[in-house]
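Engineer: Per my numbering, the sequence shown starts with residue 2, numbered consecutively.
Ideal Cβ placement from N, Cα and C applies to all residues, glycine included.
Computed from a predicted structure; not experimentally measured.
To start, I am sharing the structure in question, which I have written as structure tokens.
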Amino acid sequence: MAKLYFYYSAMNAGKTTTLLQSAHNYHERGMRTL
Numbered sequence: 002m003a004k005l006y007f008y009y010s011a012m013n014a015g016k017t018t019t020l021l022q023s024a025h026n027y028h029e030r031g032m033r034t035l
């Protein structure tokens, strides 16, 4: 079963860049993201 994680922190803390990096890594491995 899939796991869902919620990341929260202050603005300009790098949440979006972490998300984009993770999506890129999944894509390189041939996996799909939402």
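Rounded to a whole number of angstroms, what is the C-alpha to C-alpha distance between residue 6 and residue 20?
Structural biologist: Going from the Cα of residue 6 to the Cα of residue 20 covers about 11 Å.
Engineer: At the level of alpha carbons, what is the spacing between residue 8 and residue 31?
Structural biologist: Taking the straight line from one Cα to the other gives about 24 Å.
Engineer: Are any of the Cβ atoms in chain C nearer than 9 Å to that of residue 10?
Structural biologist: The displayed structure is made up of one protein chain only, and chain C is not part of it.
Engineer: Starting from the C-beta of residue 27, find all residues in its chain whose C-beta is less than 6 Å away, skip the five residues before and the five after it, and write them out in chain order.
Structural biologist: Closer than 6 Å at the Cβ level, and outside the excluded window around residue 27, lie 34.
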